[in-house]
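Taking it in order: structure first as structure tokens, then the write-up.
There are 2 protein chains.
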Amino acid sequence: MANLKSKHVVWHSGMVTKEDREAIVGHKACTIWLTGLPASGKSTIAVALEKALWDRGVHAFVLDGDNIRHGLNRDLGFSPKDREENIRRIGEVAKLFTMAGVINITAFISPYRADRDRVRALMQPGEFIEVYVSCPIEVCEQRDPKGHYKKARAGEIPEFTGVSAPYEPPTHPEVVLETHRESEEECVRKLLTYLEDHGYIPRNVSTPE
Amino acid sequence: MANLKSKHVVWHSGMVTKEDREAIVGHKACTIWLTGLPASGKSTIAVALEKALWDRGVHAFVLDGDNIRHGLNRDLGFSPKDREENIRRIGEVAKLFTMAGVINITAFISPYRADRDRVRALMQPGEFIEVYVSCPIEVCEQRDPKGHYKKARAGEIPEFTGVSAPYEPPTHPEVVLETHRESEEECVRKLLTYLEDHGYIPRNVSTPE
Numbered sequence: 004m005a006n007l008k009s010k011h012v013v014w015h016s017g018m019v020t021k022e023d024r025e026a027i028v029g030h031k032a033c034t035i036w037l038t039g040l041p042a043s044g045k046s047t048i049a050v051a052l053e054k055a056l057w058d059r060g061v062h063a064f065v066l067d068g069d070n071i072r073h074g075l076n077r078d079l080g081f082s083p084k085d086r087e088e089n090i091r092r093i094g095e096v097a098k099l100f101t102m103a104g105v106i107n108i109t110a111f112i113s114p115y116r117a118d119r120d121r122v123r124a125l126m127q128p129g130e131f132i133e134v135y136v137s138c139p140i141e142v143c144e145q146r147d148p149k150g151h152y153k154k155a156r157a158g159e160i161p162e163f164t165g166v167s168a169p170y171e172p173p174t175h176p177e178v179v180l181e182t183h184r185e186s187e188e189e190c191v192r193k194l195l196t197y198l199e200d201h202g203y204i205p206r207n208v209s210t211p212e
Numbered sequence: 004m005a006n007l008k009s010k011h012v013v014w015h016s017g018m019v020t021k022e023d024r025e026a027i028v029g030h031k032a033c034t035i036w037l038t039g040l041p042a043s044g045k046s047t048i049a050v051a052l053e054k055a056l057w058d059r060g061v062h063a064f065v066l067d068g069d070n071i072r073h074g075l076n077r078d079l080g081f082s083p084k085d086r087e088e089n090i091r092r093i094g095e096v097a098k099l100f101t102m103a104g105v106i107n108i109t110a111f112i113s114p115y116r117a118d119r120d121r122v123r124a125l126m127q128p129g130e131f132i133e134v135y136v137s138c139p140i141e142v143c144e145q146r147d148p149k150g151h152y153k154k155a156r157a158g159e160i161p162e163f164t165g166v167s168a169p170y171e172p173p174t175h176p177e178v179v180l181e182t183h184r185e186s187e188e189e190c191v192r193k194l195l196t197y198l199e200d201h202g203y204i205p206r207n208v209s210t211p212e
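As you go down the protein sequences, you meet chains A and B in turn.
According to the numbering used here, the first sequence is numbered sequentially starting from 4.
According to the numbering used here, the second sequence is numbered sequentially starting from 4.
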């Protein structure tokens, strides 16, 4: 419970504002938007970052294929039009989580620059942190944890990003992670440092407990 | 920050679970689904409950027409098919907020019983709290803060719930609020008591500060 904080907060009349929430929970809210090729490491980093944030008491939540594609967006396929609608809805949900005071981390290929820019435009300045999870396709293809690249090369998965559908890297991402030469821990550390340096979360002071 | 709590939590390997989140923030998550006629008082109660919960340090968030109809569901109209899809998506978003550890409060007419039951079925037992905001249509129509009933009676709004489209009351709601004879404060008090009695939030102990 964040009761200890709440007595220092001045309530506005009526609605609870984003600023009220941030004052109570002790950190700012934002969307950390991971984008990159299949098997570039987005989900792994998202889950590890979420855990690292909760370890500090920061309210975080991952939006990924597991909880979106089987739920909210289960009516959508992989055509360019459906991919666009997929990202539009995820962007709107990410915006709601940001309004709610939660640091949300999205882990989707999100291959089209225009779709990502539309999500950025939905939010206030500073609320959208685009993170390019960069990794050469040869490395992604070697990892291939779900065997999707193999199937795509065999023609069994149509419109597979990197093989038979385009990926457009960000032009001005807030953070770049190079998962072929940075470890999971280094990537998470880099993101936490970004959040600290830009005032989203307090610096982690190692106090003896 | 909920750091004070976090040191008592045993981390599971990998993902942060709903139970982890609940242990850290000190309350359970659920969807409080308000349903009722237009102008029955859903939004007023939702906003007042959200504020009352934050006053206790409980992480709460309202989903309503303002943040859904102009965002996630702005591609939908008011035909029966679009109303069904509207509620389906809201249900999926409510489920995500519940997974994230947030007590979310939805304020939508949601006139069809089958649509509400489908949302209930998405969630785990106890996660969906259906609240019937009951008020005679004559009273709602007298209130008519946005002039919608007047327009509907004049035939200017088609398929308006209660006038030219049906409303199906819940058969077994967890809570009933009668806004024609209970005040806003009484309604909020009733909901807080429900949440306390069923272990979603700790009892409010009035400690001197």
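Where a beta carbon is used, it is the ideal one built from N, C-alpha and C, also for glycine.
Contacting residues, own chain, Cβ-Cβ under 8 Å from residue i (five flanking each side not counted)
i              : result
residue 210(B) : Because residue 210(B) sits at a pLDDT of 48, beneath the cut-off of 50, its placement in the model cannot be relied upon, and the following sentence gives the value as read from the coordinates. Within the same chain, residue 210(B) has no close Cβ partners at all.
residue 164(B) : 40, 41, 112, 114, 170
residue 206(B) : 199
Residues near residue i by beta carbon distance below 6 Å, same chain, minus five either side
i              : result
residue 154(A) : 160
residue 267(B) : As shown, chain B starts at 4 and ends at 212. That puts residue 267(B) outside it, with no answer to give.
residue 10(B)  : The predicted model places residue 10(B) with a pLDDT of 40, which falls under 50 and marks its position as unreliable; any figure quoted below should be read in that light. Contacts found: none.
residue 197(B) : 178
residue 44(B)  : 136, 182
residue 152(A) : 144
residue 113(A) : 38, 90, 119
residue 110(A) : 37, 45, 46, 49, 67
residue 191(A) : 51, 52, 55
residue 125(B) : 94, 98
CB contact check: residue i to chain B, cutoff 8 Å
i              : result
residue 62(A)  : yes
residue 79(A)  : no
residue 9(A)   : Low confidence applies to residue 9(A): its pLDDT is 38, below 50, so where it sits in the model is not reliable, and the reading given next is rough at best. Yes, its Cβ sits closer than 8 Å to a Cβ of chain B.
residue 144(A) : no
residue 159(A) : no
residue 74(A)  : yes
residue 99(A)  : yes
residue 1(A)   : As displayed, chain A neither begins before 4 nor continues past 212, which places residue 1(A) out of reach and without an answer.
residue 53(A)  : yes
residue 95(A)  : yes
Endpoints, the alpha helix (DSSP H) within which residue i is located
i              : result
residue 111(A) : Note, residue 111(A): premise wrong, no alpha helix (DSSP H); not H, not E.
residue 191(A) : 187-200
residue 101(B) : 83-102
residue 125(A) : 116-125
residue 25(B)  : 21-28
residue 63(B)  : Segment 63-67 is the beta strand (DSSP E) holding residue 63(B); no alpha helix (DSSP H) there.
residue 140(B) : 140-146
residue 152(B) : 151-156
Burial state of residue i, where buried means 16 or more other Cβ atoms lie within 10 Å
i              : result
residue 195(A) : buried
residue 16(B)  : The pLDDT assigned to residue 16(B) is 48, lower than 50, so where the model puts this residue is not dependable; a value taken from the coordinates is nonetheless given after this. Exposed: under 16 other Cβ atoms inside 10 Å.
residue 98(A)  : buried
residue 184(B) : exposed
residue 117(A) : exposed
residue 141(A) : exposed
residue 18(B)  : exposed
residue 95(B)  : buried
residue 24(B)  : buried
residue 158(A) : exposed
residue 128(B) : exposed
residue 172(A) : exposed
Residue-chain proximity (residue i, chain A), Cβ-Cβ < 8 Å
i              : result
residue 26(B)  : no
residue 44(B)  : no
residue 19(B)  : yes
residue 118(B) : no
residue 122(B) : no
residue 198(B) : no
residue 211(B) : Because residue 211(B) carries a pLDDT of 46, less than 50, the predicted location of this residue cannot be relied on, and no value is offered for it.
residue 110(B) : no
residue 168(B) : no
residue 85(B)  : no
residue 36(B)  : no
residue 298(B) : Within the shown structure, residues of chain B are numbered from 4 to 212, placing residue 298(B) beyond reach of any answer.
Endpoints, the beta strand (DSSP E) within which residue i is located
i              : result
residue 53(B)  : Counting along the chain, residue 53(B) falls outside any beta strand (DSSP E), though it belongs to the alpha helix (DSSP H) covering 45-58.
residue 179(B) : 178-181
residue 131(A) : 131-137
residue 37(A)  : 34-38
Residue i CB to nearest heavy atom of the ligand GTP below 7 Å
i              : result
residue 187(B) : In the structure on display, the ligand GTP does not appear, and there are no ligands present to speak of.
Chain-order list of residues whose beta-carbon lies under 7 Å from that of residue i (same chain, five-residue window excluded)
i              : result
residue 21(A)  : 32, 102, 104
residue 187(B) : 47, 48, 51
residue 166(A) : 152, 155, 156
residue 146(A) : 42
_Meets three-Cβ-pair contact criterion under 8 Å: the region 129-137 of chain A and the region 50-69 of chain A_ = no
*Pairing CB atoms from the region 18-33 of chain A with CB atoms from the region 67-81 of chain A, are three or more of them under 8 Å?*
no
*asked:* With a threshold of 8 Å, are at least 3 pairs of Cβ atoms found where one atom belongs to the region 112-132 of chain A and the other to the region 171-186 of chain A?
replied: yes
*Does the region 43-51 of chain A come close enough to the region 83-90 of chain B to have 3 or more Cβ pairs within less than 8 Å?*
no
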